[in-house]
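The structure appears below as structure tokens.
2 protein chains.
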Amino acid sequence: MNRMAAIACHGSGEMGTNDKPHLCPRQSTGAGGFDKIEMDRVADYVSNVGEPATKGRLMDIFTTMQDERGRLSQSEIRIADIVLNDFEFAVNASIIELAGKADVSPPTVTRFCRRLGCESFSDFKVQLARTAYVGMRYLKPEPKSIAPADVAQDIITKAQNALFLLHRGLDVAAIERAANRLAGAEMIYAFGSGGNSSMIATELQNRLFRLGLRITASSDHSMQLMMAAAAKPTDVLIGSSFSGRNAELVRAFTLAREAKIPTIALTQSNSPVAQAAEITLPVDLPEGDNIYRPTSTRIAYLAVVDILASLVAYRIQPQATVTLRRIKQQLVAHRDGDDRQLLGD
Amino acid sequence: MNRMAAIACHGSGEMGTNDKPHLCPRQSTGAGGFDKIEMDRVADYVSNVGEPATKGRLMDIFTTMQDERGRLSQSEIRIADIVLNDFEFAVNASIIELAGKADVSPPTVTRFCRRLGCESFSDFKVQLARTAYVGMRYLKPEPKSIAPADVAQDIITKAQNALFLLHRGLDVAAIERAANRLAGAEMIYAFGSGGNSSMIATELQNRLFRLGLRITASSDHSMQLMMAAAAKPTDVLIGSSFSGRNAELVRAFTLAREAKIPTIALTQSNSPVAQAAEITLPVDLPEGDNIYRPTSTRIAYLAVVDILASLVAYRIQPQATVTLRRIKQQLVAHRDGDDRQLLGD
DNA sequence: GGTTCATGCAAATTATTTTCTTGATACGTT
DNA sequence: AACGTATCAAGAAAATAATTTGCATGAACC
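Protein sequences appear in the order of chains A and B. Under our numbering, the first residue of the first sequence carries the number -18, and numbering increases by one thereafter. Under our numbering, the first residue of the second sequence carries the number -18, and numbering increases by one thereafter.
Right, dumping it as structure tokens:
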């Protein structure tokens, strides 16, 4: 049997998602005939066994289930609901137990799994278990109790979940473009205001100056405007706004774009800030996470900064990286300081 | 049925880990007879099926496998190695395929699974898949390639993994004590130097001042010493050091302790800083994570701060919390500002 | 030389999938 | 409107495959 994608819901790399329109809700435009075509696809899939399915898989089982819901039959909806509600049961149950609980026959369960894009029932369970670790928790806005262990678990889970969602919604191409811009900039201005975004701006500075880039961070609206006005087209302006509604940042972006200065935004997609910037690195997390736990959102933003900084590093020193790491390792091993400065990372 | 703990590896809540000493390596002191006892335990487990497994399980399958390695037979080690190395294969393979690859018979695989505390082979696979999402990546220090998608995945995975490991090593009792101290402090001094730890100090200030606590953060060694000298026994000193070897911070802690001022350290356990502080909140991540990716470590520290701040919040306003959240929600809904200030969180 | 233990074989059990069939629903035709 | 046809869901039963158990063997270690 072949190896499958890290992100749940497998599929063959060759086929691409287009071959399974009804399985990939974002692309499906209408209901089509299932059975025979389905079988062919399964056959296709099976014949593609050698192919690693590492790429192209964006959906996890849960999302697929929710998105497919409308297209499932009554029995299948019952199965989906049981799985969704009592995930722990589903992951440990046999097909017979699950079928029993859903009041359907085992074959119906098998068909259900297939419809969701899984090869078999056990494949389904694996996908489920895999996503489950992080995928399904955001349903509960509150921790189970305020006992320390529960609070800790709640926070950790939400943070992991934020990362999971970030990854899923990540616009890799945009990040790549942003990294290219940054790597080629003569000077970088990093803007962000308020505890959250200013931390991101600082972090950007922290990460990028170590790569030898010229960068300054500012959380002061007036300074931001002045800097935007003073910047040149060979510079880059990068700004962060969690809400996407930082009017001052929008102004700075607008000003910069009028002067043909590249602008990059870390923010919610379709927000004013996003629209004002040339390149947007979208970070879209469900509201709940934002409101109650600023940290999980912040962690997602930090991860974006990290990705960005790593890509810039690779762009600046494409070959030297491995050597650089060795040097760093030595450096770190012989230092006792608290701040482990990283040269090329 | 009910939902279960985030941390992988199931087990019944009732039993507690003590009933399976050989499955929880930290407690196992020597090799013992396996088979019969094992069977009893499995039986126990099975009879406890209705029980939620929310607590008591600290180990994930991978750690168990690594820790048990010494006590496995030749064939079993072969199986373990295959699983450890080619986890993707293992998670998708049938028992026959796995047995084939390890050159053993299927029954041996079943026995192997049981020894690891799983009920059956498929239970093992579920545990595997479950932990896999986060648990197994730190073996690869480098991303698969420097293609943006791989870099992103690598970073996200490492961040999730850092959170996973943090959670596993978390000293909940210590955090609780720290939260109590902070909640009752007349004044709090938050210390940390270098890009990483100073961010944590700032973050602590950010989170705690909103709860109405008096707090100041400093990254200046001289100031830290002076503040430590000026503090009173009703105050609290909290400091962060990623390496645990920030000598200045050790000095500040020592000074404070001589004056009977409570001290809290966020740092590596058993480090000089940890030893100098009264309460240590240990953050122990494998070296690899620290050296190459500062962010994943930072994210773990941020999570600790988050947990701490939440616990303090609950301590300060035990009943008012729910109401407070409602107010917040209103506030947030009607604000357009970027910095979503949280009152009671 | 006996005990313990790992391990494979084969049988038994169990789980899963396939095939076949039925019944329901929707659609088009007369 | 009534009928026939196509489509599809879904279960029963059969077939297949996977997993586990019981037992026997042989190696290693007292």
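Ideal Cβ positions, reconstructed from N, Cα and C, are used throughout, including at glycine.
At the 7 Å Cβ level, is residue i part of the contact set with chain A, yes or no?
| i | result |
| --- | --- |
| Leu194 (chain B) | no |
| Asn66 (chain B) | no |
| Arg59 (chain B) | no |
| Thr197 (chain B) | no |
| Ala284 (chain B) | yes |
| Tyr170 (chain B) | no |
| His148 (chain B) | yes |
| Ala328 (chain B) | As displayed, chain B neither begins before -18 nor continues past 326, which places residue 328 (chain B) out of reach and without an answer. |
| Gly176 (chain B) | yes |
| Thr89 (chain B) | no |
| Thr215 (chain B) | no |
| Asp287 (chain B) | yes |
| Pro263 (chain B) | no |
Are residue i and residue j touching if we call contact CB-CB under 7 Å?
| i | j | result |
| --- | --- | --- |
| Ile181 (chain B) | Ser222 (chain B) | no |
| Ile260 (chain B) | Ala212 (chain B) | no |
| Arg111 (chain B) | Ala143 (chain A) | no |
| Leu230 (chain B) | Val285 (chain B) | no |
| Ser277 (chain B) | Ala140 (chain B) | yes |
| Ala233 (chain B) | Ala255 (chain B) | no |
| Pro129 (chain A) | Ile58 (chain B) | no |
| Leu218 (chain B) | Tyr170 (chain B) | yes |
| Ala133 (chain A) | Arg296 (chain A) | no |
| Val90 (chain A) | Leu79 (chain A) | yes |
| Ser179 (chain A) | Ser200 (chain A) | yes |
| Asp135 (chain A) | Met168 (chain A) | no |
| Leu189 (chain A) | Ala281 (chain A) | no |
| Cys99 (chain A) | Phe93 (chain A) | no |
From the beta carbon of residue i, is the nearest beta carbon of chain B less than 7 Å away?
| i | result |
| --- | --- |
| Ser291 (chain A) | yes |
| Asn187 (chain A) | yes |
| Thr244 (chain A) | no |
| Ala133 (chain A) | yes |
| Ile280 (chain A) | yes |
| Pro253 (chain A) | no |
| Ala233 (chain A) | no |
| Glu78 (chain A) | no |
| Thr276 (chain A) | yes |
| Leu163 (chain A) | no |
DSSP on residue i, reduced to helix/strand/coil?
| i | result |
| --- | --- |
| Val217 (chain B) | strand |
| Phe223 (chain A) | coil |
| Ile137 (chain B) | helix |
| Pro243 (chain B) | coil |
| Ile288 (chain A) | helix |
| Ile127 (chain A) | coil |
| Leu262 (chain A) | strand |
| Arg188 (chain A) | helix |
| Leu109 (chain B) | helix |
| Ala301 (chain B) | Only weak support is given to the placement of Ala301 (chain B): the predicted model assigns it a pLDDT of 44, under 50, and the value that follows is read from those uncertain coordinates. Coil. |
| Ala211 (chain A) | helix |
| Glu229 (chain B) | helix |
| Gln160 (chain B) | The identity of residue 160 (chain B) in the sequence shown is Ala, whereas the question assumes Gln. Residue state, collapsed to three classes: helix. |
| Cys99 (chain A) | coil |
| Ala404 (chain A) | In the structure as shown, chain A begins at -18 and stops at 326. Residue 404 (chain A) is therefore absent and cannot be evaluated. |
| Ser86 (chain B) | coil |
| Leu194 (chain A) | coil |
| Ala74 (chain B) | coil |
| Gly165 (chain A) | coil |
Would you grab the beta carbon distance between residue i and residue j for me? Rounded to a whole angstrom, and I think it's under 8 Å.
| i | j | result |
| --- | --- | --- |
| Ser291 (chain A) | Asn227 (chain A) | Actually they are not in contact, since the Cβ atoms of Ser291 (chain A) and Asn227 (chain A) sit about 26 Å apart, beyond 8 Å. |
| Val293 (chain B) | Ala164 (chain B) | 5 Å |
| Ala198 (chain A) | Leu185 (chain A) | 6 Å |
| Phe102 (chain A) | Ile76 (chain A) | 5 Å |
| Asn73 (chain B) | Val85 (chain A) | 26 Å between Cβ atoms; not a contact. |
| Gly176 (chain B) | Asn251 (chain A) | In fact, because the Cβ distance is near 33 Å, the residues do not count as touching under 8 Å. |
| Asp152 (chain B) | Pro263 (chain B) | 6 Å |
| Leu283 (chain B) | Arg52 (chain A) | Their Cβ separation, rounded to whole angstroms, is 41 Å, which puts Leu283 (chain B) and Arg52 (chain A) out of contact at 8 Å. |
| Ile245 (chain A) | Ala257 (chain A) | No, Ile245 (chain A) and Ala257 (chain A) are not in contact; Cβ-Cβ is about 11 Å, not under 8 Å. |
Kindly identify the DSSP beta-bridge partner or partners of residue i.
| i | result |
| --- | --- |
| Ser199 (chain A) | A:Phe172 |
| Thr248 (chain B) | B:Ser222 and B:Pro263 |
Could you check if residue i belongs to the surroundings of the ligand NAD, using beta carbon to heavy atom distance under 6 Å?
| i | result |
| --- | --- |
| Asp67 (chain B) | In terms of ligand content, the structure shown is empty, and the ligand NAD therefore cannot be addressed. |
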